[in-house]
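Here's the structure we're looking at; comments come further down.
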Amino acid sequence: MSYINLLIHAVVRTYKSEQTLPADDRVKFLYQEMWGIIKNKGGYLYRINSMPDHVHLLFTMPATISLSEFMQALKGSSSKILKTKEGFEKFVAWGEGYAALSKSMGDKQTIINYIITQQEHHKATTFKDEYIAFIKEMGLDFDERDWDK
Numbered sequence: 000m001s002y003i004n005l006l007i008h009a010v011v012r013t014y015k016s017e018q019t020l021p022a023d024d025r026v027k028f029l030y031q032e033m034w035g036i037i038k039n040k041g042g043y044l045y046r047i048n049s050m051p052d053h054v055h056l057l058f059t060m061p062a063t064i065s066l067s068e069f070m071q072a073l074k075g076s077s078s079k080i081l082k083t084k085e086g087f088e089k090f091v092a093w094g095e096g097y098a099a100l101s102k103s104m105g106d107k108q109t110i111i112n113y114i115i116t117q118q119e120h121h122k123a124t125t126f127k128d129e130y131i132a133f134i135k136e137m138g139l140d141f142d143e144r145d146w147d148k
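Numbering that gives the first Met the number 0 puts the first residue of the sequence shown at 0, with every later residue one more than the last.
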């Protein structure tokens, strides 16, 4: 028997980081759709929150699918639904790629709190600065050319 626990903190940007997600209760539709997609893929969503230009998710995923397949399904399915949903007329697509970091279960509550407080956090920090810090936390270098995709 294999025992695997893949806890992922992912950030998905809108196309060109444009502010196309609603900043009111209409965004709950997106949360429900993403929760359903994650559940159907065998994952569990611990927390989701968004700003008009990005979404933070904390979830577990099964070992039977790769992270890239999982994220492709999440972004592809939700994008298709949002493009036809009333209240999401500004939404064009998700940006190219995503940022995802595997985390320890011991970090779960800290990340949940971080995701919950996104609106407060972004009063002092731009999304671009947050995203670059997230990339650097992964031990990677940020390529400025990727920002407008």
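Yeah, the Cβ is synthetic: ideal placement off N, Cα and C, and Gly gets one too.
Every value quoted in this text rests on a predicted model; they were computed, and no experiment measured them.
Inset, instruction - Please find out if some non-hydrogen atom of the ligand FAD comes closer than 6 Å to the beta-carbon of Arg46. - result: As far as ligands go, the structure on display features none, and thus does not contain the ligand FAD.
Inset, instruction - Quick one: residues in its chain with C-beta nearer than 6 Å to the C-beta of Arg12, no 5 flanking neighbours on either side, listed in chain order? - result: Taken in chain order, the residues that qualify are His53 and Gly94.
Legend entry - Alpha-carbon to alpha-carbon, Leu57 and Ile110: Rounded to whole angstroms, the gap between the alpha carbons of Ile110 and Leu57 is 8 Å.
Legend entry - Residues bridged to Ser101 (per DSSP): Ile7
Legend entry - Expected contact under 8 Å - CB spacing of Leu81 and Phe69 to nearest Å: That pair is no contact at about 18 Å.
Inset, instruction - Please list, in chain order, all residues of the same chain as Gly41 whose beta carbon is under 8 Å from its beta carbon, the five residues on each side excluded. - result: Met60, Pro61, Thr63 and Ile64
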